[in-house]
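Asks: Residue numbers (the working numbering): 9 to 108. By construction, the Cβ of each residue, glycine as well, lies at the ideal position given by its N, Cα and C atoms. Bear in mind that the values here come from a model prediction, so they are computed numbers and not experimental data. Before I ask anything, here is the structure I am working with.
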């Protein structure tokens with residue numbers, strides 16, 4: 009019986025070691041520490057929100073600039089129907105830019 013108990017103890021010890029390694033890899037202790045402090049949770053979420061907002065602003069700016077660039081190129085090609093419509097849009101955008 010003692011050999012059987014010893015084998016069970018070794019298996020349990022090995023499982024506990026594996027679980028400990030997995031928890032360390034997940035950084036669970038740091039995550040729980042952050043959750044215990046409401047100020048830290050607010051701070052981390054605030055910084056995350058600022059980063060996401062800044063990323064969206066930069067992304068939309070680049071996307072808008074690319075669209076305007078493409079529209080200007082289409083005006084140069086002088087597409088019959090779309091060309092005048094796009095020319096009006098580009099003219100409006102350029103007026104808005106010059107106002108600022």
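I need the straight-line Cα distance from residue 98 to residue 64, nearest angstrom please.
Replies: Stepping through the chain shown from its first residue, residue 98 is reached at position 90. Stepping through the chain shown from its first residue, residue 64 is reached at position 56. The alpha-carbon atoms of residue 98 and residue 64 are separated by roughly 23 Å.
Asks: Let me know the secondary structure DSSP gives residue 53 once reduced to three states.
Replies: Position 45 of the chain shown, counted from the first residue, corresponds to residue 53. Residue 53: helix per DSSP, three-state reduction.
Asks: What does the alpha-carbon distance come out to for the pair residue 39 and residue 50?
Replies: Taking the first residue of the chain shown as position 1, residue 39 is located at position 31. Taking the first residue of the chain shown as position 1, residue 50 is located at position 42. If I take the Cα positions, the gap works out to 14 Å.
Asks: Output the boundary residues of the alpha helix (DSSP H) element that contains residue 11.
Replies: Numbered from 1 along the chain shown, position 3 holds the residue referred to as residue 11. Its alpha helix (DSSP H) spans residues 10-34.
Asks: Around the C-beta of residue 94, are 16 or more other C-beta atoms found within 10 angstroms, so that it is buried, or is it exposed?
Replies: Mapped onto the chain shown, residue 94 falls at position 86. It is buried - the Cβ of residue 94 has at least 16 other Cβ atoms within 10 Å.
Asks: Who are the Cβ neighbours of residue 76 in its own chain at under 8 Å, not counting the five residues just before and after it?
Replies: Working through the chain shown from its first residue, we reach residue 76 at position 68. 98, 101.
Asks: Are the CB atoms of residue 141 and residue 42 nearer to each other than 8 Å?
Replies: The structure shown does not extend to residue 141, since the chain spans only 9 to 108, so no value can be given for it.
Asks: DSSP three-state call for residue 45: helix, strand or coil?
Replies: Taking the chain shown and counting its residues from 1, the one referred to as residue 45 is at position 37. Of the three classes helix, strand and coil, the one that applies to residue 45 here is coil, per DSSP.
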